[in-house]
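The structure under discussion appears below in the form of C-alpha cells.
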Amino acid sequence: MKPTCLGPFVHKFHKLHEAADVEEFKRIFIDCLECHYHTYTMGHILPRDVGENNLMFADPKEVAPSETTDDRSSRWGALHDFDLGSEIDEDGNVQPSNATYRTGTLPYMAVDLVRAPLKPSPRIEYVPPAHYYRHDLESFFYILIFASTRYTFEKGRCLPVPACLRTWQDCATASDSKNAFFGYRGSEAVKVAVLDHFLPLWDEWIFPLYIMFKTAFSTIPEPGFPTFKTYDMVTLNEQITFEAFMATIKVTPRNSAGERTR
Numbered sequence: 001m002k003p004t005c006l007g008p009f010v011h012k013f014h015k016l017h018e019a020a021d022v023e024e025f026k027r028i029f030i031d032c033l034e035c036h037y038h039t040y041t042m043g044h045i046l047p048r049d050v051g052e053n054n055l056m057f058a059d060p061k062e063v064a065p066s067e068t069t070d071d072r073s074s075r076w077g078a079l080h081d082f083d084l085g086s087e088i089d090e091d092g093n094v095q096p097s098n099a100t101y102r103t104g105t106l107p108y109m110a111v112d113l114v115r116a117p118l119k120p121s122p123r124i125e126y127v128p129p130a131h132y133y134r135h136d137l138e139s140f141f142y143i144l145i146f147a148s149t150r151y152t153f154e155k156g157r158c159l160p161v162p163a164c165l166r167t168w169q170d171c172a173t174a175s176d177s178k179n180a181f182f183g184y185r186g187s188e189a190v191k192v193a194v195l196d197h198f199l200p201l202w203d204e205w206i207f208p209l210y211i212m213f214k215t216a217f218s219t220i221p222e223p224g225f226p227t228f229k230t231y232d233m234v235t236l237n238e239q240i241t242f243e244a245f246m247a248t249i250k251v252t253p254r255n256s257a258g259e260r261t262r
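Residue 96 in the UniProt record's numbering sits at position 96 of the sequence shown; the count goes up by one each step and never skips.
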C-alpha cells in the first residue's frame, strides 16, 4: 500500500500513538516520511509543520470496507495538515514571499528555527532563518524521540512528557536545551527516559540518526569563516537529505510502483 497524503475524511484516521506496537509504529512512520518526501519533490510543497499530530494512519476496514482485511500490516500511514505549507521554487527552496516567519510546532522544530536571534546590532545584519527540507527531517527525528518516551501502545495511552524534554516545549528554553542535547553526552538523559519496548528502536534508528544530525551540525562554519560562502546550508553539504535519513535507518525507499527493492 502506498503512503497517503491526507486531506478530507480525517475522522476516519487514527493518531500515531494508537498504533498497535512498535513494528506498526515504524511502518506508519515510514509511510508518513515518504509521503512528506513526495509532497516536496512531486507536489512542490514543503509542509513546514511536522509534529506527531500530523502523522496518522488508516485501517482499510474503516476507510474502504470493500477492501476489508484483518491483516494489521495493511494499515497505512497518512500525512495530515498542510495549512502552514509553502510552495517551493525549481531549486527546492521556499519562495521568499512565503517565508516571512518561522513555522512549526515548538517541541519538534529544528534547532536552526528555535534559536533565539542575536540582540540588534549595527555590526550584524539579522536574517530570519530560511526553512529547508532538512528542517522537516529534523522534526521527524524529534517525533521519534517523543514517541519513544511516551507511547505505551496500551489502548493509545501516552505517558506525560519526561522532564528531560519539557524544556523543548518552552520558547524560553527550547533553543538552549536542544543545543545541549547535541552537545557532549547530550543524548544520555533522553535515553534514560526511553521506554523498554522502544530500546531496540533507539539502537536501530534513533541513536544512528542522532549521530547523523550531530555530525552534520558540527560541520557548519560560522559567518566569516573562509568556507561559509560555499557551504551548502540547504542540505549541510548533502549530510541531511531524505536519502541519508533512509540509509541511516537502513530502510530502502519505495520505487515508483510503491514497492521496496532489496
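Quick reminder that beta carbons are idealized off the backbone N, C-alpha and C, glycines included.
Proximity test, Cβ basis, 8 Å: residue i and chain B
| i | result |
| --- | --- |
| T252 | Of the protein chains in this structure there is only one, and it is not chain B. |
Cβ neighbour criterion (16 or more within 10 Å) applied to residue i
| i | result |
| --- | --- |
| E34 | buried |
| N54 | buried |
| T68 | For T68, the pLDDT reaches just 49, beneath the cut-off of 50, and the residue's location in the model is therefore unreliable, although a value from the coordinates is still provided. The residue is exposed, with fewer than 16 neighbouring Cβ atoms inside 10 Å. |
| I143 | buried |
| N255 | exposed |
| G77 | buried |
| Y184 | exposed |
| K229 | exposed |
| F242 | buried |
| T100 | Caution is warranted here: a pLDDT of 47 is assigned to T100, below 50, making its placement in the model unreliable, and the coordinate value is therefore given only provisionally. It counts as exposed. |
| P223 | exposed |
| F225 | exposed |
| M56 | buried |
| I206 | buried |
| K178 | buried |
| L113 | buried |
| S139 | buried |
| A163 | exposed |
| R48 | buried |
| M42 | exposed |
| S97 | With a pLDDT of 46 at S97, under the threshold of 50, the predicted position of this residue should be treated as unreliable, though the coordinate-derived value follows. By the neighbour-count rule (16 or more Cβ atoms within 10 Å), S97 is not buried but exposed. |
Limits of the beta strand (DSSP E) - the one that residue i falls within
| i | result |
| --- | --- |
| F13 | 13-15 |
| C212 | It should be noted that the sequence gives Met, not Cys, for residue 212. Where M212 is concerned, there is no enclosing beta strand (DSSP E), although the alpha helix (DSSP H) it sits in stretches over 207-217. |
| A78 | 76-80 |
| M56 | 55-58 |
Bounding residues of the alpha helix (DSSP H) (the contiguous stretch that carries residue i)
| i | result |
| --- | --- |
| L33 | 22-41 |
| A193 | 188-193 |
| L113 | 111-114 |
| F242 | 242-248 |
| L137 | 133-150 |
| A180 | 174-181 |
| L165 | 163-166 |
Inter-residue CB distance, residue i and residue j (contact presumed, cutoff 8 Å)
| i | j | result |
| --- | --- | --- |
| F245 | K214 | Rounded, the Cβ-Cβ distance is 14 Å, inconsistent with contact. |
| I30 | T39 | 15 Å between Cβ atoms; not a contact. |
| E18 | G186 | About 31 Å separates the two Cβ atoms, so there is no contact after all. |
| N237 | T219 | 7 Å |
| D21 | F153 | 5 Å |
Proximity test, residue i beta-carbon vs the ligand MG heavy atom, cut-off 7 Å
| i | result |
| --- | --- |
| R185 | Ligands displayed in this structure: none; no statement on the ligand MG is therefore possible. |
Notebook entry, point to check: Between the region 19-35 and the region 166-175, are three or more C-beta pairs nearer than 8 Å?
Noted result: Remark: fewer than three beta-carbon pairs, one from each stretch, lie closer than 8 Å, so the region 19-35 and the region 166-175 are not flagged as touching.
Next item on the list: Would you check if the region 101-115 and the region 40-56 touch, i.e. whether three or more CB-CB distances between them fall below 8 Å?
Entry: Taking 8 Å as the limit for Cβ pairs, the verdict is that the region 101-115 does touch the region 40-56.
Checklist line | Any 3 or more C-beta pairs closer than 8 Å across the region 199-210 and the region 155-168 | finding: A contact between stretches requires three or more CB pairs, one per stretch, nearer than 8 Å, and the region 199-210 fails this requirement with the region 155-168.
Notebook entry, point to check: Given 8 Å as the limit, is there contact between the region 224-241 and the region 131-138, that is, 3 or more CB pairs closer than that?
Noted result: Taking a cut-off of 8 Å on C-beta distances, the region 224-241 touches the region 131-138, as three or more cross pairs fall below it.
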